[in-house]
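Worksheet: the structure to be examined is printed underneath.
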Amino acid sequence: MPTVEVEKKDLEKLIGKKFSKQELEDALMYVKGEVDAWEGNLIKVDMKDTNRPDLWSSEGIARELKGRLGIRKGLPEYKVKKSGISAEVDSGLKNIRPKAAYAIAKGVKVTDEFIRQMVQLQEKICMTFGRKRDEVAIGLFDLDQVHGNVRYYAADKGEEFIPLEYKVKMRLDEILQEHPKGKEYGHLIAKFDKFPLLTDSKGDVLSMPPIINSAGSGKITEKTRNLFVDVTGFNQEKINTALKIICMALADRGGKIESVEIKHKGKKLTTPEFGTKKISVDLDSARKMSGIDFSNKQFLSLIRKSGMVGKIKGKKAEVTYADYRRDIIHAVDVIEDILISEGFNSIKPEQVEMDVIGHEREESIYLDKVRDVCVGLGLQEILTFVLSSRERQEEKIGLKGEKFVELANPVSLNWVIMRKRLYPEHLGFLFRNKNADYPQRIFEIGRALELGPGNETGVEEKEKLCIVVSDRRFGFTQMKSVLDAVCSNLGIKYSISDSGNPAFEKGKSGEISMGKKRGVLGEINQKTLNEFGLEMPVSVMEIEL
Amino acid sequence: MDLKAIAESLSKIEQDSLKALSGGGKMNAAELGEKAGVGIDSARRAMAWMTEKNLVDLSESGEIMLGLTAKGKNALEEGLPEERMLNSLSGDERQSFDDLKKSAELDQQEFNIALGLNKRNAYIVIVPGKQEIEITEVGKDFLSGKSGGSALSGIENKDESEVGDLIKRGLVEKKEIIERKIKINASGEKVISQLGNVKERKYNIHGEVPKIFIGKKQPYVQFLNSVRRKLTELGFKEMYAPLVVQEFYNFDVLFQPQNHPARSWSDTYQLKNPKLGKLPDKKVIKAVKDAHETGGVSASSGWGYSWLEEIAAKLMPAAHGTAHSARQLIHNLKVPGKYFAIARCFRPDVLDATHLIEFNQCEGFIVGEDLNFKHLLGMLKQFAIEFAGAEEVKFYPDYYPFTEPSVQLSAKHPDLGWIELGGSGMFRPEMLENLGIKGQAIAWGIGIDRLAMFKLGIKDIRYLFSEDLNWLRNSKMVLD
Numbered sequence: 000m001p002t003v004e005v006e007k008k009d010l011e012k013l014i015g016k017k018f019s020k021q022e023l024e025d026a027l028m029y030v031k032g033e034v035d036a037w038e039g040n041l042i043k044v045d046m047k048d049t050n051r052p053d054l055w056s057s058e059g060i061a062r063e064l065k066g067r068l069g070i071r072k073g074l075p076e077y078k079v080k081k082s083g084i085s086a087e088v089d090s091g092l093k094n095i096r097p098k099a100a101y102a103i104a105k106g107v108k109v110t111d112e113f114i115r116q117m118v119q120l121q122e123k124i125c126m127t128f129g130r131k132r133d134e135v136a137i138g139l140f141d142l143d144q145v146h147g148n149v150r151y152y153a154a155d156k157g158e159e160f161i162p163l164e165y166k167v168k169m170r171l172d173e174i175l176q177e178h179p180k181g182k183e184y185g186h187l188i189a190k191f192d193k194f195p196l197l198t199d200s201k202g203d204v205l206s207m208p209p210i211i212n213s214a215g216s217g218k219i220t221e222k223t224r225n226l227f228v229d230v231t232g233f234n235q236e237k238i239n240t241a242l243k244i245i246c247m248a249l250a251d252r253g254g255k256i257e258s259v260e261i262k263h264k265g266k267k268l269t270t271p272e273f274g275t276k277k278i279s280v281d282l283d284s285a286r287k288m289s290g291i292d293f294s295n296k297q298f299l300s301l302i303r304k305s306g307m308v309g310k311i312k313g314k315k316a317e318v319t320y321a322d323y324r325r326d327i328i329h330a331v332d333v334i335e336d337i338l339i340s341e342g343f344n345s346i347k348p349e350q351v352e353m354d355v356i357g358h359e360r361e362e363s364i365y366l367d368k369v370r371d372v373c374v375g376l377g378l379q380e381i382l383t384f385v386l387s388s389r390e391r392q393e394e395k396i397g398l399k400g401e402k403f404v405e406l407a408n409p410v411s412l413n414w415v416i417m418r419k420r421l422y423p424e425h426l427g428f429l430f431r432n433k434n435a436d437y438p439q440r441i442f443e444i445g446r447a448l449e450l451g452p453g454n455e456t457g458v459e460e461k462e463k464l465c466i467v468v469s470d471r472r473f474g475f476t477q478m479k480s481v482l483d484a485v486c487s488n489l490g491i492k493y494s495i496s497d498s499g500n501p502a503f504e505k506g507k508s509g510e511i512s513m514g515k516k517r518g519v520l521g522e523i524n525q526k527t528l529n530e531f532g533l534e535m536p537v538s539v540m541e542i543e544l
Numbered sequence: 000m001d002l003k004a005i006a007e008s009l010s011k012i013e014q015d016s017l018k019a020l021s022g023g024g025k026m027n028a029a030e031l032g033e034k035a036g037v038g039i040d041s042a043r044r045a046m047a048w049m050t051e052k053n054l055v056d057l058s059e060s061g062e063i064m065l066g067l068t069a070k071g072k073n074a075l076e077e078g079l080p081e082e083r084m085l086n087s088l089s090g091d092e093r094q095s096f097d098d099l100k101k102s103a104e105l106d107q108q109e110f111n112i113a114l115g116l117n118k119r120n121a122y123i124v125i126v127p128g129k130q131e132i133e134i135t136e137v138g139k140d141f142l143s144g145k146s147g148g149s150a151l152s153g154i155e156n157k158d159e160s161e162v163g164d165l166i167k168r169g170l171v172e173k174k175e176i177i178e179r180k181i182k183i184n185a186s187g188e189k190v191i192s193q194l195g196n197v198k199e200r201k202y203n204i205h206g207e208v209p210k211i212f213i214g215k216k217q218p219y220v221q222f223l224n225s226v227r228r229k230l231t232e233l234g235f236k237e238m239y240a241p242l243v244v245q246e247f248y249n250f251d252v253l254f255q256p257q258n259h260p261a262r263s264w265s266d267t268y269q270l271k272n273p274k275l276g277k278l279p280d281k282k283v284i285k286a287v288k289d290a291h292e293t294g295g296v297s298a299s300s301g302w303g304y305s306w307l308e309e310i311a312a313k314l315m316p317a318a319h320g321t322a323h324s325a326r327q328l329i330h331n332l333k334v335p336g337k338y339f340a341i342a343r344c345f346r347p348d349v350l351d352a353t354h355l356i357e358f359n360q361c362e363g364f365i366v367g368e369d370l371n372f373k374h375l376l377g378m379l380k381q382f383a384i385e386f387a388g389a390e391e392v393k394f395y396p397d398y399y400p401f402t403e404p405s406v407q408l409s410a411k412h413p414d415l416g417w418i419e420l421g422g423s424g425m426f427r428p429e430m431l432e433n434l435g436i437k438g439q440a441i442a443w444g445i446g447i448d449r450l451a452m453f454k455l456g457i458k459d460i461r462y463l464f465s466e467d468l469n470w471l472r473n474s475k476m477v478l479d
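Protein sequences, first through last, are from chains X and S. Take the first sequence: its letters are residues 0 to 544, numbered as in numbering that gives the first Met the number 0. Take the second sequence: its letters are residues 0 to 479, numbered as in numbering that gives the first Met the number 0.
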């Protein structure tokens, strides 16, 4: 979910209406924006809808609010003139980065806020909508430094230009290795023999998409008046959408948008092209789903408030919406929009009447009974994490080469595997509580995971009960009494055999069998106590439930 | 206090002690204990209590006694340096300076002292011309004749003149021992006369008593149990909630495209071992594939990409509770029905006061033929009342990939003010229609951690999994 920064006054100017802070916060719900923080007049807004990149700037928010607040009715409209400039897209880019879309914006007034908003919009689109520049990369250029028509092609790595932030010419492969942006995004093209390059008719480089612009035309300053926009990627429709979002923002700032003719394999394509799409909404289903019995007229009015237009045809409404709204893929997407326009808080909630009986899972009920037994034994329940480390689950208890359910992308050495047993976590707990009064008597009921190749997930999740007592006068015999009490109260039959468990004292520990289920019981030996930094004796029982 | 009241307040030990003192002279604790037939510790306590109640007169006298210093106590345990040297020489009669230092574990200073003393007593000789020490016959005699152990034992009974050296060496010191003696006074004698009237002893009911730590459930568990109970009372049925799930349930069934950024490594955990799980039957797989690619039987256009089974089969620790709702939609769904799960979820976060790497989510859904958006709002309002005691609610548009429309619930909690209590929405038609589910399903999730923190009175979220035994012991029961 992108967080967008907007300046209150700038936003008000774009909308053409002043707001109090509260009014603005309330209005932002129309764009699914939640205020994260106010810093003076600067608002940080979390934009929840990841499918609405058109909203990720002041211009986009203003565009949407103008409709919802009734300042503009129906579709937002944008005019495009032909620029006469053309772009050749070479077929050599086929596997590398084949698609491009271009536009021109003339007469733009570049201010600080404009630059900040354009950088932000560009970044949010490339990161979230464009999957970190993989699917969408955007470049803005000073049109007055671009000569004639442009050419986008797969260039030799030996070609050179001066990238932004640098003063000297660099080879394309050098940029990948040395330039910060090359290091960050180089992986997107590094495996190819040739790299994408955009040049003008003089052969001057505009950009190496999706990595870096040139230091010449690729540098936008307050003196820039006319802009050239470049978007590259793999899916024409997707990059067209990104281009249109950028162009709308430029137009909202007073820019006159002009199109570029793209020539690719003998075919011609003009971008940007602001089109519309139609979707049919069944009015009865819309009424049924919303629970609101709106008239056709009310429906159409809500549609216009949502930045769309509609026509009633029998029992259906044909709704026309701007084609950059790629989030509309089903009638429900339109229905949500009209409910938002209606205002969620002006719709009267209704109780769900459903004749069903609730109940817990039998397992939950059983586990809570086991808890009751433990509480009856005077034990304090604790909760530990399922994520653990090999150190705790293996090394410190004298085991080696154990197989665990293991994370592919751990973020900390402390949380790498999923635990197989609870007691090592409890020994860690005791270490952290050496200053608390003894005896210490604790228990936990929790999941422990093992590999289970036959299972649906290849994992066997077992519920285990672990009881740990640390007390000078408490040893094997006392813990066996505890085991006995637990099992007899739960009606579990068990038998004990000698244990070779290296964490436990030999002769004062045992393996427990309860049918197919297993467990362990006994006194923790000195070596293990030392590993966990414990001085008081500790006895443990752990069984599968 | 009148005499009768004092008499009633006396413990058995005090009564016996007082009787033992009656008509007699001064006694110390040992004498009192013997005469009253109680232990010396009890006698000492009785002396203190009776003095406080002004039944006896206390007199203190000082006496000089010999005692071990801390260094002396240590030497008594480990042996004096000179003794350690002789003991070592009794095994190996002739040793070099260095060997002897090692074998007797002496540092240079101790070695010098031991060498001087033993030489003075003719217990050892230095072998002429060599840096070697040899034990003498006198030394051996001394060792064999030494029965009472160290020179430091029984020091209290020795005369000061015998231990001058040890005092100089800082092993023994002179201490002033205060001896307390008590003698019964007039009120004490009067109280004895009252003892016959005492039927039952009265306790000091205001005094401190020992603390008992009871066995109890973890506070967060208590809270989750109450949430579970409320939901069942509202007609919800608990779902199966495994810790490890296929991406299929965590994402694909929920119509989250396979290249969605939320599926990336930085947002969710994935498993290295095992890697892949099994998917349900072919019909279900096809339904989900079609939903993603073309919208399937629904009127949707889908996401327009090619959906891969291999990605869906990947395993991960469940990242959200809705994964279990997704499974329920496919396995044994009853319509109409209400379902919930309180599920342990995992996200690659950093553990701090506001983030947990493992947390519980409370999620579920209601499915029925005639459900609509107003029911969704009605359900949220009911949750606000049940879980936050809030009568006032606000609804905000929200976004989830698997619901449309989506609503965020804010509730005015009586203590916390306005809080985000949960999220909700109607499952997308791409999901329901392709899975052949008739009607609508209202999915919901309640942010229970915030409520739990309030109920438990904690500011640091880590206390939900508290590692502090004292805190757990002192925590109050979670009352609804």
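By construction, the Cβ of each residue, glycine as well, lies at the ideal position given by its N, Cα and C atoms. Small disclaimer: the values here were computed from a predicted structure and weren't measured.
Against chain X, the beta carbon of Ile-365 of chain S has neighbours under 8 Å at Val-351, Met-353, listed in chain order. Excluding its 5 nearest sequence neighbours in each direction, Trp-306 of chain S has C-beta neighbours in its own chain below 6 Å: Lys-288, His-291, Glu-292, listed in chain order.
In terms of Cβ geometry, Gln-392 of chain X and Arg-472 of chain S do not form a close pair [threshold 8 Å]. Distance from Leu-420 of chain S to Gly-456 of chain S at the Cβ level is roughly 19 Å; contact not present, criterion being Cβ atoms closer than 8 Å. Runs of the beta strand (DSSP E) lying entirely within the stretch 363-437 of chain X, each at least 3 residues long, are 404-406 in chain order. Taking C-beta atoms as the reference points, Asp-192 of chain X and Pro-208 of chain X fail to come closer than 8 Å. Distance from Ile-132 of chain S to Gln-108 of chain S at the Cβ level is roughly 17 Å; contact not present, criterion being Cβ atoms closer than 8 Å. Look at the stretch 381-402 of chain X: the residues with a C-beta under 8 Å from a C-beta of chain S are Ile-381, Leu-382, Thr-383, Phe-384, Val-385, Leu-386, Lys-402. Linking Leu-412 of chain X to Val-519 of chain X through their CA atoms gives a straight-line distance of about 27 Å. Between Leu-463 of chain S and Phe-386 of chain S, the gap from beta carbon to beta carbon reaches 8 Å or more. With respect to chain X, the C-beta atom of Thr-231 of chain S has a partner C-beta closer than 8 Å.
Distance from the CA of Ser-21 of chain S to the CA of Ala-4 of chain S, rounded to the nearest whole angstrom, comes to 19 Å.
In terms of beta-carbon proximity, Cys-373 of chain X lines the interface with chain S, with at least one pair separated by less than 8 Å. The alpha-carbon separation between Phe-212 of chain S and Glu-104 of chain S amounts to approximately 47 Å.
For Arg-427 of chain S, the chain X residues whose Cβ falls inside 8 Å of its Cβ are His-329, Val-331, in order along the chain. The stretch 320-335 of chain X and the stretch 406-423 of chain S do not touch, with fewer than three beta-carbon pairs separated by less than 8 Å.
Around Pro-209 of chain S, no beta-carbon contact reaches into chain X at under 9 Å, the shortest distance being about 11 Å. For Arg-44 of chain S, the uninterrupted alpha helix (DSSP H) segment begins and ends at 39-51. Annotation: the stretch 348-381 of chain S contains the following complete segments of the beta strand (DSSP E) (minimum length 3 residues), in chain order: 357-367. The Cβ atoms of Pro-75 of chain X and Gly-309 of chain X lie no closer than 8 Å to each other. Counting C-beta pairs closer than 8 Å gives fewer than three between the stretch 141-153 of chain X and the stretch 175-189 of chain X, which falls short of the contact rule. Residue contact with chain X for Lys-216 of chain S: present (Cβ-Cβ distance below 8 Å to some residue of chain X).
According to DSSP, residue pairing for Pro-195 of chain X in a beta bridge involves X:Ala-153. Ser-387 of chain X and Lys-433 of chain X have their C-alpha atoms spaced approximately 21 Å apart. From the beta-carbon of Gln-269 of chain S, the residues of chain X found nearer than 9 Å are Leu-406, Ala-407, Asn-408. Contact of Glu-63 of chain X with chain S is not assigned, every C-beta pair being separated by 8 Å or more.
Of all C-beta pairs linking the stretch 175-186 of chain S to the stretch 423-433 of chain S, fewer than three are shorter than 8 Å, placing the two stretches out of contact. With a contact defined as Cβ atoms closer than 8 Å, Ile-70 of chain X and Lys-16 of chain X qualify at about 7 Å. The beta carbon of Arg-440 of chain X is closer than 7 Å to those of Gly-377, Leu-378, Gln-379, Val-468 in its chain, skipping five residues each way along the sequence. Here the alpha carbons of Val-392 of chain S and Lys-380 of chain S stand approximately 7 Å from one another. Distances from the CA of Glu-341 of chain X to each of X:Ala-86, X:Asp-292, X:Ile-495 were compared; the closest alpha carbon is that of X:Asp-292. Asn-224 of chain S is a Cβ neighbour of Asp-367 of chain X, given a cutoff of 8 Å.
DSSP links Cys-246 of chain X through a beta bridge to no other residue.
Taking a Cβ-Cβ cut-off of 8 Å, the neighbours of Leu-314 of chain S in chain X comprise Thr-456, Gly-457, Val-458, given in sequence order.
Residue-level contact by beta carbon fails for Met-452 of chain S and chain X, as no gap is shorter than 8 Å.
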